[in-house]
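Undergrad: Below: one structure in structure tokens.
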Amino acid sequence: MDLFTADGHYWMPATPEQNEGEGQPNIFYEDHYLMRVRIGRINHPNAWSQSPPNRTGHVVSNVIVESEDAATGDLIVRSKFHVVEYRNDEQRYFAGKYRHDLASTPRGYRIRLQRVDIVNVEGPFDYVLQYWI
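Note that the numbering used here gives residue 351 to position 85 of the sequence shown, counting from 1, and the numbers run on in steps of one.
Structure, rendered in structure tokens:
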């Protein structure tokens, strides 16, 4: 949470063509408050959906700085990811791309927007692992 700006958003759009998260159907579109609620629920001792807890492996690659604002130092960074989750003798795979809008702050760069576009966004999911993506 500390890596996000106060106005930061964590977003997985419902379609690859989607340009806005606000007021649109999304898989998720979270501000600071909703991120805290989700993290609190996941970490709660009665979070039976995480018993036993899952294990994940992440690979992030092809990191490219797409643009830099000369006046503010803010960046737009794109990358690709692959995640493997293991839980209850099952493995699930997710792959896709990230877009990070990074704000230059006195404490270093902070995330203003983390957009996650998974390859199979139109596919069925029993749940999406929001805390790792």
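Heads up, the beta-carbon is just placed ideally off N, CA and C, and yes, glycines get one too.
Is Tyr352 near Arg321, with beta carbons less than 8 Å apart?
TA: In contact: Tyr352 and Arg321 (Cβ atoms closer than 8 Å).
Undergrad: At 3 residues or longer, what runs of the beta strand (DSSP E) sit wholly inside the stretch 343 to 377?
TA: For the stretch 343 to 377, whole beta strand (DSSP E) runs of length 3 or above, ordered along the chain, are 356 to 371.
Undergrad: Helix, strand or coil for Val385? Go by DSSP, reduced to three states.
TA: In this structure, Val385 counts as coil in the three-state DSSP scheme.
Undergrad: Hey, how far is the Cα of Asn309 from the Cα of Arg302?
TA: Distance between the alpha carbons of Asn309 and Arg302 is about 10 Å.
Undergrad: Does the stretch 359 to 378 touch the stretch 329 to 345, meaning 3 or more C-beta pairs lie closer than 8 Å?
TA: Yes, they touch.
Undergrad: My guess is that Val325 and Gly362 are in contact by the Cβ rule of under 8 Å, so how many angstroms apart are they, rounded?
TA: With a Cβ gap of about 12 Å, Val325 and Gly362 do not count as contacting.
Undergrad: Residues in its own chain within less than 8 Å of Lys346 by CB, not counting five upstream and five downstream?
TA: Closer than 8 Å at the Cβ level, and outside the excluded window around Lys346, lie Val326, Ser327, Asn328, Ala361, Gly362, Lys363, Tyr364.
Undergrad: Grab the span of the beta strand (DSSP E) containing Met267 for me, first residue to last.
TA: Where Met267 is concerned, there is no enclosing beta strand (DSSP E), given that its DSSP letter is neither H nor E.
Undergrad: Rank Arg304, Thr371, Thr271, Ala280 by C-alpha distance to the C-alpha of Phe391 and give the top, closest one.
TA: Nearest of Arg304, Thr371, Thr271, Ala280 to Phe391, Cα basis: Ala280.
Undergrad: Quick check on DSSP: helix, strand or coil for Gln284?
TA: In the structure shown, Gln284 sits in coil (DSSP, three-state: anything other than H, G, I, E or B).
Undergrad: Excluding the 5 residues preceding and the 5 following Thr271 in the sequence, name in chain order all residues of the same chain whose CB lies nearer than 6 Å to its CB.
TA: Result list for Thr271: Ala369, Arg376, Arg378, in chain order.
Undergrad: Rounding to the nearest angstrom, what Cα-Cα distance links Pro282 and Arg373 in this structure?
TA: Spanning the two alpha carbons is a distance of roughly 32 Å.
Undergrad: Could I get the ranges of all uninterrupted alpha helix (DSSP H) runs contained in the stretch 287 to 332, with 4 residues as the minimum, in chain order?
TA: Entirely contained in the stretch 287 to 332, the alpha helix (DSSP H) runs reaching 4 residues are, in chain order, 298 to 309.
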